[in-house]
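Peer 1:
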Amino acid sequence: DQQVKQNSPSLSVQEGRISILNCDYTNSMFDYFLWYKKYPAEGPTFLISISSIKDKNEDGRFTVFLNKSAKHLSLHIVPSQPGDSAVYFCAASARETSGSRLTFGEGTQLTVNP
Amino acid sequence: DSGVTQTPKHLITATGQRVTLRCSPRSGDLSVYWYQQSLDQGLQFLIQYYNGEERAKGNILERFSAQQFPDLHSELNLSSLELGDSALYFCASSPRPSETQYFGPGTRLLVL
Numbered sequence: 001d002q003q004v005k006q007n008s009p010s011l012s013v014q015e016g017r018i019s020i021l022n023c024d025y026t027n028s029m030f031d032y033f034l035w036y037k038k039y040p041a042e043g044p045t046f047l048i049s050i051s052s053i054k055d056k057n058e059d060g061r062f063t064v065f066l067n068k069s070a071k072h073l074s075l076h077i078v079p080s081q082p083g084d085s086a087v088y089f090c091a092a093s094a095r096e097t098s099g100s101r102l103t104f105g106e107g108t109q110l111t112v113n114p
Numbered sequence: 115d116s117g118v119t120q121t122p123k124h125l126i127t128a129t130g131q132r133v134t135l136r137c138s139p140r141s142g143d144l145s146v147y148w149y150q151q152s153l154d155q156g157l158q159f160l161i162q163y164y165n166g167e168e169r170a171k172g173n174i175l176e177r178f179s180a181q182q183f184p185d186l187h188s189e190l191n192l193s194s195l196e197l198g199d200s201a202l203y204f205c206a207s208s209p210r211p212s213e214t215q216y217f218g219p220g221t222r223l224l225v226l
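Residue numbers (this note's numbering), protein chains in the order written: chain A, 1 to 114; chain B, 115 to 226.
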């Protein structure tokens with residue numbers, strides 16, 4: 001049962017344009033969502049998070065949007081840079097009921113072309 | 115650099131053997147988590163410790179065990195290894211449960 005899904009295995013964008021990565025979830029108990037970036041041979045690096053009481057969180061070039069009714073979140077990167085090329089994982093937790101365990105999506109490979 | 119360290123970086127062993135993976139959390143973090151990333155399963159939660167006590171368990175096999183020591187470092191023990199245990203094993207830490215988790219670089223285990 002895949003509770004967190006990233007339906008796009010890959011995304012390619014031009015440098016300077018917007019990258020939009022999408023994530024869907026099925027568990028309505030999830031109340032905290034995170035995005036991680038992963039380079040080959042490294043561990044996931046925390047990017048940005050959002051609590052279910054918000055619908056938007058912004059940090060520099062990164063913005064996460066949460067649509068609870070649609071059980072959907074997205075990560076916007078503006079402007080995209082070649083150094084952003086990596087695998088992006090969406091993760092979720094149900095802190096009230098299941099504690100801190102993170103459930104991850106399958107990841108989306110972002111390629112930013114110069 | 116997240117501040118979480120894991121040793122060894124790479125481990126090659128044979129089926130039936132036992133290995134120990136080590137994790138040192140970020141300074142001040144009391145909670146440690148272990149995750150497994152395999153090709154067909156993605157990143158899966160294994161187990162969590164908080165201040166030395168087991169806090170939560172995921173899909174961790176009975177052949178696997180873990181502990182967190184008084185100095186807060188953690189070890190993941192994998193025994194009776196099978197080919198399917200080949201994977202990346204990540205440790206993460208957070209100051210307290212339910213706070214943002216920061217991941218180490220991982221240990222790549224290859225079982226031959």
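Glycine included, every Cβ here is placed at the ideal spot set by N, Cα and C.
Pop quiz: A:Arg101 and B:Phe159 are said to be a contact at Cβ under 8 Å. What is the actual Cβ separation, rounded to whole angstroms?
Peer 2: In the first sequence, the residue the question calls residue 101 of chain A occupies position 101. In the second sequence, the residue the question calls residue 159 of chain B occupies position 45. Yes, they are in contact, since the Cβ atoms of A:Arg101 and B:Phe159 sit about 4 Å apart, within 8 Å.
Peer 1: Contact criterion: CB-CB distance below 7 Å. Does B:Pro211 meet it with respect to chain A?
Peer 2: In the second sequence, counting from the first residue as 1, residue 211 of chain B sits at position 97. Closer than 7 Å: yes.
Peer 1: Is B:Phe204 close to chain A, meaning its C-beta is less than 7 Å from at least one C-beta of that chain?
Peer 2: On the second sequence, position 90 is the one that residue 204 of chain B refers to. Yes, contact with chain A.
Peer 1: Quick one: is B:Leu157 near chain A, going by C-beta distance under 7 Å?
Peer 2: Looking up residue 157 of chain B in the second sequence gives position 43. Cβ-Cβ to chain A under 7 Å: yes for B:Leu157.
Peer 1: Give the DSSP-derived three-state secondary structure of A:Asp59 in the structure shown.
Peer 2: Sequence index remark: in the first sequence, residue 59 of chain A carries index 59 (1-based). A:Asp59: strand per DSSP, three-state reduction.
Peer 1: On a CA-only basis, which of B:Leu197, B:Gln215 and B:Tyr149 is nearest B:Glu189? Give me that one, please.
Peer 2: As a working mapping, residue 189 of chain B is identified with position 75 in the second sequence. Closest by alpha carbon: B:Tyr149.
Peer 1: Counting C-beta neighbours from all protein chains within 10 Å, is the total for A:Ser80 16 or more, i.e. buried, or is it exposed?
Peer 2: Position 80 of the first sequence, counted from the first residue, corresponds to residue 80 of chain A. Buried, since its Cβ has 16 or more Cβ neighbours within 10 Å.
Peer 1: Compare the beta carbon distance of A:Ala92 and A:Phe46 with 7 Å and say whether it is the shorter of the two.
Peer 2: Counting from 1 along the first sequence, the entry for residue 92 of chain A is found at position 92. Counting from 1 along the first sequence, the entry for residue 46 of chain A is found at position 46. Going by C-beta atoms, A:Ala92 is not nearer than 7 Å to A:Phe46.
Peer 1: For the putative contact between A:Val87 and A:Gly107, defined by C-beta atoms under 8 Å, what is the C-beta separation to the nearest angstrom?
Peer 2: Along the first sequence, read from residue 1 onward, the residue named residue 87 of chain A stands at position 87. Along the first sequence, read from residue 1 onward, the residue named residue 107 of chain A stands at position 107. About 5 Å separates the two Cβ atoms, so the contact holds.
Peer 1: Can you name, in chain order, every residue of its own chain whose Cβ lies under 7 Å from the Cβ of B:Pro122, other than the five neighbours on each side?
Peer 2: As a first step, residue 122 of chain B is located in the second sequence; it is residue number 8 there, counting from the start. Closer than 7 Å at the Cβ level, and outside the excluded window around B:Pro122, lie Thr221.
Peer 1: Given that a residue counts as buried once 16 or more other Cβ atoms are within 10 Å of its Cβ, and exposed if not, what is B:Ile126?
Peer 2: On the second sequence, position 12 is the one that residue 126 of chain B refers to. Exposed, since its Cβ has fewer than 16 Cβ neighbours within 10 Å.
Peer 1: Going by CA-CA distance only, name the one from B:Ser145, B:Ser152, B:Val146 and B:Gly117 that's closest to B:Gly198.
Peer 2: Along the second sequence, one-based indexing puts residue 198 of chain B at 84. Closest by alpha carbon: B:Ser152.
Peer 1: Applying the 10 Å Cβ sphere with the 16-neighbour rule, what's the burial state of B:Ser141?
Peer 2: Translated into the one-based positions of the second sequence, residue 141 of chain B becomes position 27. Exposed, by the Cβ-count rule.
Peer 1: Helix or strand or just coil, what does DSSP make of A:Asp84?
Peer 2: Mapped onto the first sequence, residue 84 of chain A falls at position 84. Here A:Asp84 sits in helix by DSSP.
Peer 1: Quickly, what does DSSP pair A:Ile48 with across the bridge? List them, please.
Peer 2: Locating residue 48 of chain A in the first sequence gives position 48, where the first residue counts as 1. DSSP lists A:Trp35 as partners of A:Ile48.
Peer 1: Should A:Thr111 and A:Ser74 be called a contact, given that it needs their Cβ atoms to be closer than 7 Å?
Peer 2: Indexing the first sequence from 1 puts residue 111 of chain A at position 111. Indexing the first sequence from 1 puts residue 74 of chain A at position 74. The answer is no: Cβ separation not under 7 Å.
Peer 1: Exposed or buried, which one is B:Asp185 when buried takes at least 16 other CB atoms within 10 Å?
Peer 2: Walking along the second sequence from the start, residue 185 of chain B turns up at place 71. So B:Asp185 counts as exposed.
Peer 1: Can you name, in chain order, every residue of its own chain whose Cβ lies under 8 Å from the Cβ of B:Ala128, other than the five neighbours on each side?
Peer 2: Taking the second sequence and counting its residues from 1, the one referred to as residue 128 of chain B is at position 14. Around B:Ala128: Leu195, Val225 and Leu226.
Peer 1: Using only the alpha-carbon positions, how far apart do B:Ser138 and B:His187 sit?
Peer 2: As a working mapping, residue 138 of chain B is identified with position 24 in the second sequence. As a working mapping, residue 187 of chain B is identified with position 73 in the second sequence. Their Cα atoms are separated by approximately 5 Å.
Peer 1: Identify the contact partners of A:Gly43 in chain B, using a Cβ-Cβ distance below 9 Å as the criterion.
Peer 2: As a first step, residue 43 of chain A must be located in the first sequence, where it is residue number 43. In chain order: Ser116, Val118, Gln120, Leu202, Phe204, Cys205, Ala206, Tyr216, Phe217, Gly218, Pro219 and Gly220.
Peer 1: Any idea which residues DSSP pairs B:Ser208 with across the strands?
Peer 2: Counted from its first residue, the second sequence places residue 208 of chain B at position 94. Per DSSP, B:Ser145.
Peer 1: Less than 8 Å between C-beta atoms, sequence neighbours within five positions excluded: which residues of the same chain meet that for B:Asp154?
Peer 2: Within the second sequence, numbered from 1, the residue matching residue 154 of chain B stands at position 40. So the list is empty, once near-sequence residues are dropped.
Peer 1: Under three-state DSSP, which class holds B:Leu197?
Peer 2: To locate residue 197 of chain B, count along the second sequence from 1; it is residue 83. Three-state DSSP puts B:Leu197 in a helix.
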